[in-house]
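Novice:
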Amino acid sequence: MYADRLFNALERNEPAPGQLLVAAPDILVPHYNRSVILITEQLGGRTYGVDLTKRSEMAVFNVMPEWLPAVAKPQALYIGGPHNQQAALGVAMTRQGVDIEKYPALSRLAPRLAMVDLREGPEEVTELVDGIRLFVGLFEWEPGELEAEIDRGDWYVAPALPQDVVSSGSTDTWSDVMKRQAMPLPLFSTFPRYIDEDN
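When we follow our numbering, the leftmost residue of the sequence shown carries the number 1463, and every step to the right adds one.
This is the structure we're talking about:
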């Protein structure tokens, strides 16, 4: 496939918390099609992340109403991935000038981008952020698994921007991220969505 050759020819970033995994334009796994996964943690050789592109039909108001004032529009839960879907995870764009390191409820991923400890409660966080996205579930890669997928050309690794996490419902996050990468990736930003003919 051309995408693996394309991605393998580009200069690579190392996958790390605060980086994005951008799915190859012709990735063959339907679940990953046009996915943009934010890496949230690396622990014990495993890599964890949440998909920024999969919005559910479940309103935050119905399940976590206390967080509603802090949640960015659209105020729906996002499906972070297939693992551990019983737990919610928060990622926020912090306000300008907020020193993430000073607040126990926040864990820095990148400039103005932080994980939110939802156990702290919204009163500890709302005034610190310009928006939170709430995810149920996550992706998990065993040691060496993600590296093999990157070597195969399934993913391009790129820095995350805070706006990627709290983008509006009308935003095509995959296309927007591709547009800001080095050439020739912007040329593929309009690549059509994979259609699973079996469904």
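For glycine and all other residues, C-beta sits at the position ideal for the given N, C-alpha and C. Since this is a predicted model, take the numbers as computed values, not measurements.
(1) Provide the residue span of the beta strand (DSSP E) that contains A1554, from first to last.
(2) Determine the burial state of P1487: buried for a count of at least 16 other Cβ atoms within 10 Å of its Cβ, exposed for fewer.
(3) Under three-state DSSP, which class holds I1612?
(4) Based on DSSP bridge pairs, tell me the residues matched to L1505.
(5) Taking the straight line between their C-alpha atoms, what separation do you get for G1552 and A1567?
(6) Got a sec, what are the start and stop residues for the beta strand (DSSP E) P1621 sits in?
(7) Enumerate, from N- to C-terminal direction, the unbroken alpha helix (DSSP H) stretches of 4 or more residues contained entirely within the stretch 1631-1657.
(8) By Cβ distance below 6 Å, which residues in the same chain neighbour T1588 in space, the five residues on each side in sequence not counted?
(9) Closest by CA to R1517, which one among T1509, W1529, S1497 and V1578?
(10) Let me check one thing: in DSSP terms, what residues is I1499 bridge-paired to?
(11) On the CB-based measure, 16 or more other CB atoms within 10 Å of its CB, does F1523 come out buried or exposed?
(12) Note down the Cα distance separating D1561 from Y1618, rounded to an integer number of angstroms.
(13) Expressed to the nearest angstrom, what Euclidean distance is found between the alpha-carbon atoms of H1493 and E1607?
(14) Can you say whether P1544 is buried or exposed, counting buried as having 16 or more other CB atoms within 10 angstroms of its CB?
(15) Does the distance from the C-beta atom of F1597 to that of Y1510 stay below 9 Å?
(16) If you draw a straight line from the alpha carbon of E1476 to that of A1622, how long is it in whole angstroms?
(17) Is the distance from the Cβ of A1554 to the Cβ of D1592 below 9 Å?
(18) Per DSSP, S1569 is paired with what?
(19) Our contact map puts T1502 next to L1575 with C-beta atoms below 8 Å; I'd like the distance itself, whole angstroms only.
Specialist: Checking against the coordinates, here is how it stands:
(1) H1545 to T1556
(2) buried
(3) helix
(4) R1508
(5) 10 Å
(6) W1617 to P1621
(7) 1635-1641
(8) P1531 and A1532
(9) S1497
(10) L1483 and D1513
(11) exposed
(12) 30 Å
(13) 17 Å
(14) exposed
(15) no
(16) 13 Å
(17) yes
(18) M1577
(19) Their Cβ separation, rounded to whole angstroms, is 10 Å, which puts T1502 and L1575 out of contact at 8 Å.
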